[in-house]
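Here's the structure, in structure tokens; my notes come after.
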Amino acid sequence: MVKSLPLRSEVKVEETWNLQDLFKTEEDYNEAVAGLEKEVDSFAHKFKGNIVDATSAIEALKGYERIVANMVPVGAYTSLSASTDQTNDEAQMRSSKFGSIAAKINSQLSFVTSELSELPAETLEAAMKQSEDYQNFLEKLIRKKPYQLHPEVEKTLAAFSATFNAPYGLYNTTKMVDMSFDDFEVDGKHYPLSYVTFEGDWESEPDTAKRRTAFEAFSAKLKEYQHTTAKTYDMQVQTEKTTADLRGYDSVFDYLLFNQEVDKSMYDRQIDLITKELAPHMRKYAKLLQKVHGLDKMTFADLKIPLDPNYEPKITIEESKKYIEDGLAVMGDHYMNMVDRSYDERWIDFAQNKGKSTGAFCSSPHGYHPYILISWTGSMEDVFVLAHELGHAGHFYHANAEQNVFNARPSMYFIEAPSTMNEMLMANHLLQNSDDPKFKRWVISSIVARTYYHNFVTHLLEAAYQRKVYERIDEGGSVNANVLNSLKRETLEDFWGDDVEINEGAELTWMRQPHYYMGLYPYTYSAGLTISTQVSKRILEEGQPAVDEWIEVLKAGGTKSPAELSKMAGVDITTEKPLRDTIAYIGELIDQLVELTEEIDSVKN
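Counting along the sequence shown from 1, when you hit position 603 you're at 603 in full-length UniProt numbering, and nothing is skipped either side.
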């Protein structure tokens, strides 16, 4: 039974993360912010206008690195404390205040990249020879030179950074504070509804009447806020388009893909191939769900139901640790020590409470341990989600230890590979430990319904829809709720065809994801899972050598491009082959589900 969410003050402390590892007290935090502001003033006084050669460039970068490193815990503490309770006025005011301070700091520091960019390439290359620590930073700076604006313009843009980030904050406030859901009724009984309970429980509820009624009630509430949310989103994409034009990019796509270090052909390939070639497999899966559950029709509201809900165990937080330790053991002792510490030292926020951010994420502040947010409901899906976030944690646990604050973070294109790798390792481990048809079907359906559906369908269809939005913006257009609803419905109907009814409310799913405020992020989930699917196969076949190579990839952080990192792991993402192989693998999994269902049904009969 889904219950109403408690207040943050009412949840168990042991189910919350320990932010005191960042700052013991509010006084310590305030002192760090004040110290940071003084440090920036002193740095700017010393170096502004004085970065003139290779030696002064390196000296400035050393000071700049210290400042960036000192900003990390402050920024992390600010955002993490706000994310667990959007209704906490103190946390929200702290976040707003630091947003203004960060904008001022970024404006003051904008001269660093401006003055470095104005130096001849030969001078920057000479600086690289003086210090390998900054080679990667300077190489990326040289690449960005053509799009750098006048120093005063850069300073002004940096000063407006808090304003430019406002749409994301507005989106979260609307979603987590203003939007309040009423109970819904089925057969005279009332059931509580919220963002967390819908996405964590009702969306996958086996009872069709409850599931579809919850979907209708959830969609009705979203609809009340569609115009405000659409205006917020239009503000986001118009800002990105204006920035792309100001900087001289050929399109908003080129601007948003630049830092990912991939070209538009790789982006388009990911969307086009999956939309075309995965759709038949997923339609077969939808028809299987319809048959097993005896549904009169298959609707969008039915796509998240488990294939065998009666076989779905309830898993406690403590039990999840055993699952994850067994599933990820192949990664080695150092990696597993990180997993154990994440439980023992309260790196994970498990609690469900009112105002908490939906979904799950991992924050890995350089110089500190990672933090993971999840709302624990006790399903196998939660175990896979936690393994996924521990993949992000393990990535930066290694990268942060090996690389400086400039070099630790890889391209967004690669960011989801280590996380989805953990999901694959979990699934492979479970499959290797049983021949029971019902257990195998449960595991494979968990892989399909959670790992692949989430990353190759949900996020990929977000990407396909997002591309349509940006194409419209690139041509000088704008978007409103009617346009966004139409584009989303069109995307869903193209993928599911006549096999799934895109019922009223499905078009509003564009309102549910914060990813749209993070550039071209959604498609990277399938990109990462393509890489991790192929590497996990290598680990199964080759064992330790493949694991060792993967650990080296994690340690490399952002010192190599996505193609180079993938090549280190034995995958060539410059070709279609890894993606086609992964789509074929998903098709094989769905075929196995059909066969196992027939086998199970034959035994029943």
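Glycine is no exception: its CB is placed at the ideal position from the N, C-alpha and C atoms.
Coarse secondary structure for residue i, derived from DSSP in three states
| i | result |
| --- | --- |
| residue 406 | coil |
| residue 132 | helix |
| residue 488 | helix |
| residue 314 | coil |
| residue 111 | helix |
| residue 356 | coil |
| residue 349 | strand |
| residue 186 | strand |
| residue 574 | coil |
| residue 1 | Its pLDDT being 41, under 50, residue 1 is placed unreliably by the model, and nothing is read from it. |
| residue 78 | helix |
| residue 299 | strand |
| residue 501 | strand |
| residue 454 | helix |
| residue 251 | coil |
| residue 558 | coil |
| residue 528 | helix |
| residue 512 | coil |
| residue 261 | coil |
| residue 199 | helix |
| residue 521 | coil |
Start-to-end residues for the beta strand (DSSP E) that takes in residue i
| i | result |
| --- | --- |
| residue 363 | 361-363 |
| residue 373 | 371-373 |
| residue 191 | 189-191 |
Cut-off 6 Å between Cβ atoms - residues of its own chain near residue i, not counting five sequence neighbours on either side
| i | result |
| --- | --- |
| residue 1 | At residue 1, the pLDDT of 41 sits below 50, so the modelled position is not reliable; the number obtained from the coordinates is stated separately. Closer than 6 Å at Cβ, skipping near neighbours: no residue. |
| residue 411 | 260, 261, 562 |
| residue 121 | 142 |
| residue 381 | 450 |
| residue 244 | 252, 255 |
Of the residues the options, the one placed nearest residue i, counting alpha carbons only
| i | options | result |
| --- | --- | --- |
| residue 614 | 465, 395, 292, 140 | Coverage of the chain is limited to positions 1 through 605, which leaves residue 614 absent and any answer about it impossible. |
| residue 453 | 497, 25, 420 | 420 |
| residue 281 | 148, 495, 315, 17 | 495 |
| residue 81 | 18, 114, 172, 58 | 18 |
| residue 219 | 485, 243, 120, 450 | 485 |
| residue 258 | 554, 240, 27, 353 | 240 |
| residue 76 | 23, 375, 194 | 23 |
| residue 296 | 154, 341, 208, 479 | 208 |
| residue 330 | 537, 29, 9 | 537 |
| residue 206 | 160, 274, 290 | 290 |
| residue 11 | 353, 360, 601, 41 | 353 |
| residue 396 | 377, 378, 376, 371 | 371 |
Boundaries of the alpha helix (DSSP H) in which residue i is found, first to last residue
| i | result |
| --- | --- |
| residue 33 | 26-47 |
| residue 377 | Run containing residue 377: none; DSSP gives neither H nor E here. |
| residue 245 | 226-247 |
| residue 411 | Premise fails: residue 411 is in no alpha helix (DSSP H) and is neither H nor E. |
| residue 331 | Careful: residue 331 lies outside any alpha helix (DSSP H) and carries neither H nor E. |
| residue 467 | 459-474 |
| residue 158 | 151-159 |
| residue 366 | No alpha helix (DSSP H) contains residue 366, which DSSP labels as neither H nor E. |
Between the CA atoms of residue j and residue i - distance to the nearest angstrom
| i | j | result |
| --- | --- | --- |
| residue 306 | residue 176 | 27 Å |
| residue 202 | residue 384 | 18 Å |
| residue 179 | residue 524 | 29 Å |
| residue 526 | residue 188 | 42 Å |
| residue 110 | residue 164 | 16 Å |
| residue 418 | residue 534 | 12 Å |
| residue 142 | residue 272 | 32 Å |
| residue 350 | residue 26 | 23 Å |
| residue 221 | residue 5 | 18 Å |
| residue 469 | residue 270 | 17 Å |
| residue 98 | residue 78 | 7 Å |
| residue 449 | residue 367 | 36 Å |
| residue 474 | residue 547 | 43 Å |
| residue 604 | residue 309 | 17 Å |
| residue 58 | residue 114 | 15 Å |
| residue 155 | residue 103 | 10 Å |
| residue 576 | residue 153 | 41 Å |
Same chain only: Cβ atoms within 8 Å of residue i, ignoring 5 sequence neighbours per side
| i | result |
| --- | --- |
| residue 324 | 339, 383, 386, 387, 390, 426 |
| residue 232 | 167, 170, 171, 174 |
| residue 213 | 184, 185, 186 |
| residue 521 | 412, 515 |
| residue 445 | 306, 307, 308, 593 |
beta-carbon residue i near the ligand SAM non-hydrogen atom, thresh 8 Å
| i | result |
| --- | --- |
| residue 66 | Within the structure as shown, the ligand SAM is missing, as the structure has no ligands at all. |
Sequence-distant residues of the same chain with beta carbon closer than 7 Å to residue i, five excluded per side
| i | result |
| --- | --- |
| residue 616 | Past the boundaries of the shown model lies residue 616; the chain is included only from 1 to 605, so the question cannot be answered. |
| residue 343 | 321 |
| residue 147 | 247, 248, 249 |
| residue 138 | 124, 127, 128 |
| residue 553 | 565, 568, 569 |
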